[in-house]
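Residue numbers (this note's numbering): 23 to 693.
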């Protein structure tokens, strides 16, 4: 029912009760306040004035006694001139809104409501379903009943399981409403606690929700507003881009370049696009033509991703895509494809060292992925056919499974952790001494190769990654010559201590004076690591390299030891965890550059995922998507130029990648 005050033209008053007009036949002005409370009773209060003095006072109280829960109805204004076509009108003001003047206690908000956008540690994200948290409390002396309706930027959201919320006096209820994916940026929320609608006249059905009853709105008990931010997730991997970038900076490695053969490092890092612009394209694929004109790639480096100019629905041979089937017949179906970005004399030397030292991230790219503990055993995340690495991964899995999942009733541990990968690109790799000792003068450059990708990686606990970054490190993996040197922070016993400049060789003193470095010694500390060139994966020395030594540099800002120290091998650029090990015939990795070629890297470019390269990062489609080889020299030899990071076994593909795209990755070493 609806009470309505209408002033008659003759100065009398009419009262609208249940759509019936009750006239007051006097000629005196009257102001009449009518309210409907959400109970089966009606209160009428009237004041009648004439010529500026009180004439009389009228109070009418009608009480309807009903059995059971009172029937509630949304209110629709019944205008005699437009009967039954009005819109729902709340008669009690929303919580937080000022009551009209002279309203009295009946206009006090019967309930209060708060709403906020859930953020957790990484939500909500662009393109992902998020949720809004709400709390509603009954502030009245009577029981209220209704539902919660939430809008996001004006768009109606619905709970997956809508239900009526009945609240006794001073009782509260909290819940969540799932929100449709939203673009990145600021968003506004509105939550209402209101009764289910029941309309007496025809009203317009909401066209965007055809399943709703022919009425929108209801008696409003409370209303709340909130705002928040939807974080960008350009690579659509479930981790916010800002979160990934912070991780990449927090755990950025310290690179110590080496001195050997009376020379500083001769092949400096280089950006992949600069490398392409200074190169040509060589194809060993029958349906792909070589591009020997350097000016062509210089003008349009993107040609390497689609050298045949295929349309969108065809196979862009230069790009990792679902149309490439690694099990298909013929060489053209093989990934990586036999197309080569051929280095030039300019690009093989890399960027000039002044630029490298100023930027501190030339040719360095980051990849961050969330995985569950069980996926540590995924073959895509470890070196192929490497029994030592696989055995260590199994032990790491067992340890982390016990920490995060306990016994878990024998089920795989699905607790989430973060893997952070740093990939450094060089234009050329000179791996061994020349000539190779003991080989009757065989020149080492027969196993040199164009292009070079090197990596160091970490597993971290996401919950501690920023509040306790030094405590968040679960494991660190260095890679050199196809071997993985892992240090498991859970493996005991572990001893640690800061290395003083007095404790290192003269060549290293400058590095340890510039940076404060803590060394961790694991169960294999002190064991011999002298790796031969051949069969290194099966030697005891390789086993001795696991859980042996890890060095972490102190962050100048936080004072935490969080930066993995990388000793970069001269010429070959392999990433070593210490200066003290030997790899026969290889260049030295002493970290003792005489020109101070050493730095904690600045945040690398975050390249995103295969199939979803990071938007706005020009290099991302090349690093994550190129299906050929980076470099050309050595393609016919044992030590071929490298494929891109995603086609290395050490790259962990985002577990949520389209399964058809996952089929493209190699299931065995590409050569």
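Each residue gets a CB set at the ideal place from its N, CA and C atoms; glycine is no exception. Remember, it's a predicted structure, so these values are computed and weren't measured experimentally.
Opposite residue i in the DSSP bridges: which residues?
{"i": "residue 173", "result": "178 and 212"}
{"i": "residue 586", "result": "574"}
{"i": "residue 291", "result": "448"}
{"i": "residue 496", "result": "Paired residue(s): none; residue 496 is not in a bridge."}
{"i": "residue 475", "result": "447"}
{"i": "residue 442", "result": "390 and 480"}
{"i": "residue 152", "result": "201"}
{"i": "residue 364", "result": "302"}
{"i": "residue 157", "result": "136 and 196"}
{"i": "residue 543", "result": "517 and 571"}
Express the C-alpha separation of residue j and residue i in angstroms, rounding to a whole number.
{"i": "residue 652", "j": "residue 666", "result": "7 Å"}
{"i": "residue 170", "j": "residue 159", "result": "12 Å"}
{"i": "residue 189", "j": "residue 440", "result": "42 Å"}
{"i": "residue 685", "j": "residue 632", "result": "12 Å"}
{"i": "residue 328", "j": "residue 279", "result": "36 Å"}
{"i": "residue 152", "j": "residue 138", "result": "11 Å"}
{"i": "residue 603", "j": "residue 644", "result": "34 Å"}
{"i": "residue 682", "j": "residue 337", "result": "14 Å"}
{"i": "residue 253", "j": "residue 168", "result": "32 Å"}
{"i": "residue 597", "j": "residue 479", "result": "11 Å"}
{"i": "residue 371", "j": "residue 288", "result": "7 Å"}
{"i": "residue 433", "j": "residue 413", "result": "20 Å"}
{"i": "residue 133", "j": "residue 213", "result": "12 Å"}
{"i": "residue 429", "j": "residue 421", "result": "11 Å"}
{"i": "residue 247", "j": "residue 140", "result": "14 Å"}
{"i": "residue 398", "j": "residue 419", "result": "6 Å"}
{"i": "residue 367", "j": "residue 177", "result": "58 Å"}
{"i": "residue 369", "j": "residue 449", "result": "6 Å"}
{"i": "residue 606", "j": "residue 551", "result": "11 Å"}
{"i": "residue 512", "j": "residue 622", "result": "25 Å"}
{"i": "residue 345", "j": "residue 357", "result": "11 Å"}
{"i": "residue 673", "j": "residue 407", "result": "15 Å"}
{"i": "residue 310", "j": "residue 548", "result": "53 Å"}
{"i": "residue 589", "j": "residue 286", "result": "14 Å"}
{"i": "residue 378", "j": "residue 135", "result": "55 Å"}
{"i": "residue 474", "j": "residue 518", "result": "33 Å"}
{"i": "residue 161", "j": "residue 255", "result": "40 Å"}
{"i": "residue 688", "j": "residue 339", "result": "16 Å"}
{"i": "residue 675", "j": "residue 443", "result": "11 Å"}
{"i": "residue 316", "j": "residue 362", "result": "13 Å"}
{"i": "residue 12", "j": "residue 149", "result": "This structure does not reach residue 12, given that the chain is present from 23 up to 693, and the question cannot be answered."}
Does residue i come within less than 9 Å of chain D when only Cβ atoms are used?
{"i": "residue 159", "result": "The chain labelled as chain D is not found in the depicted structure, where only one protein chain is given."}
Spatial neighbours of residue i within its chain, please: C-beta separation below 6 Å, excluding the five flanking residues on both sides.
{"i": "residue 314", "result": "302"}
{"i": "residue 438", "result": "392 and 394"}
{"i": "residue 341", "result": "327, 647 and 649"}
{"i": "residue 680", "result": "none"}
Assign residue i to one of two classes, buried (16 or more other C-beta atoms within 10 Å of its C-beta) or exposed (fewer than that).
{"i": "residue 520", "result": "exposed"}
{"i": "residue 615", "result": "buried"}
{"i": "residue 335", "result": "exposed"}
{"i": "residue 522", "result": "exposed"}
{"i": "residue 506", "result": "buried"}
{"i": "residue 485", "result": "exposed"}
{"i": "residue 515", "result": "exposed"}
{"i": "residue 164", "result": "exposed"}
{"i": "residue 15", "result": "Only positions 23 to 693 of the chain appear in this structure, which leaves residue 15 out of reach."}
{"i": "residue 283", "result": "exposed"}
{"i": "residue 210", "result": "exposed"}
{"i": "residue 617", "result": "exposed"}
{"i": "residue 578", "result": "exposed"}
{"i": "residue 333", "result": "exposed"}
{"i": "residue 500", "result": "buried"}
{"i": "residue 186", "result": "exposed"}
{"i": "residue 489", "result": "exposed"}
{"i": "residue 663", "result": "buried"}
{"i": "residue 451", "result": "buried"}
Once the 5 residues before and after residue i are set aside, which same chain residues still bring their CB inside 8 Å of it?
{"i": "residue 640", "result": "295"}
{"i": "residue 320", "result": "299 and 300"}
Report the CB separation of residue i from residue j in whole angstroms; it is logged as a contact under 8 Å.
{"i": "residue 705", "j": "residue 385", "result": "Residue 705 is absent from the model: the chain starts at 23 and stops at 693."}
{"i": "residue 417", "j": "residue 260", "result": "Contact doesn't hold; Cβ gap of about 27 Å is too wide."}
{"i": "residue 257", "j": "residue 630", "result": "3 Å"}
{"i": "residue 593", "j": "residue 453", "result": "7 Å"}
{"i": "residue 638", "j": "residue 569", "result": "The pair is not a contact, with the Cβ atoms about 40 Å apart (cut-off 8 Å)."}
{"i": "residue 538", "j": "residue 576", "result": "4 Å"}
{"i": "residue 510", "j": "residue 497", "result": "5 Å"}
Take residue i and list the residues in its own chain whose beta-carbon comes closer than 7 Å to its own, dropping the five residues that flank it on each side.
{"i": "residue 677", "result": "393 and 397"}
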